[in-house]
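Peer 1:
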Amino acid sequence: YITATFVLIWTNDSFAYLSGKWLGKHPLASTISPNKTVEGFVGGALVTLATGLFVIPQFSPSMDGLTLLSMSLITGLGGTLGDLYESKLKRRMGLKDSGNLIPGHGGVLDRLDSFLFVMPLTSLYLYLFVL
115 YITATFVLIW TNDSFAYLSG KWLGKHPLAS TISPNKTVEG FVGGALVTLA TGLFVIPQFS
175 PSMDGLTLLS MSLITGLGGT LGDLYESKLK RRMGLKDSGN LIPGHGGVLD RLDSFLFVMP
235 LTSLYLYLFV L
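Here the sequence shown is numbered in the working numbering, starting from 115 and rising by one per residue.
1) Which class does Leu245 belong to by DSSP, given the choice of helix, strand or coil?
2) Considering only residues of the same chain and omitting the five flanking positions on each side of Gly190, which have a CB-CB separation below 6 Å?
3) Check Thr145 in the structure and name its three-state DSSP category.
4) Which residue or residues does DSSP assign as beta-bridge partners of Thr151?
5) Indicate the three-state DSSP secondary structure (helix, strand or coil) for Ser133 in the structure shown.
6) Keeping to the same chain, check which residues put their C-beta closer than 7 Å to that of Ser174; ignore five residues upstream and five downstream.
7) On the criterion of 16 or more Cβ atoms from any shown chain inside 10 Å, does Gly179 qualify as buried, or is it exposed?
8) My understanding is that Ile188 touches Met177, with C-beta atoms under 8 Å, so please give their C-beta distance in whole angstroms.
9) Look at Leu167 and Ser186 and say whether their C-beta atoms are less than 8 Å apart.
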């Protein structure tokens, strides 16, 4: 479940970025993060859903479809909320990046923002409904 969650987070982050870059026209939350778009959110969520339903079962056939669907939806929404929250924190502090440990990536917090929201939500879902 942990590996699947990481794969879903990375998929969501990557394809939200790519979808927004290629198709993005409508701002998602322009006052918080002007480069985030509705198209990026939808593109990331759709590819994450497809990954959860069609790719992860190839490597983890014991995971059932409802669990993967739920984890994919949690990741699509939670990852975006985590990213927006982190952007809001940076805006409030007047920062462009949360650090320079990873040059060109907005800092370590930028790499972990989705993780910080998705892992607790996924863990709660798994605890309540699966495990």
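By construction, the Cβ of each residue, glycine as well, lies at the ideal position given by its N, Cα and C atoms. Given the structure is predicted, the values throughout are model-derived calculations rather than measurements.
Peer 2: Working from what's here:
1) Note: Leu245 maps to coil in three-state DSSP.
2) In chain order, Asn126, Ala159, Thr162 place their CB closer than 6 Å to the CB of Gly190, counting only its own chain and leaving out the 5 sequence neighbours on each side.
3) In the structure shown, Thr145 sits in coil (DSSP, three-state: anything other than H, G, I, E or B).
4) Beta-bridge annotation (DSSP): Thr151 is paired with Pro141.
5) Three-state result, Ser133: helix.
6) Same-chain partners within the cutoff: Ala118.
7) So Gly179 counts as exposed.
8) Their Cβ separation, rounded to whole angstroms, is 14 Å, which puts Ile188 and Met177 out of contact at 8 Å.
9) Taking the C-beta atoms as reference points, Ser186 is found nearer than 8 Å to Leu167.
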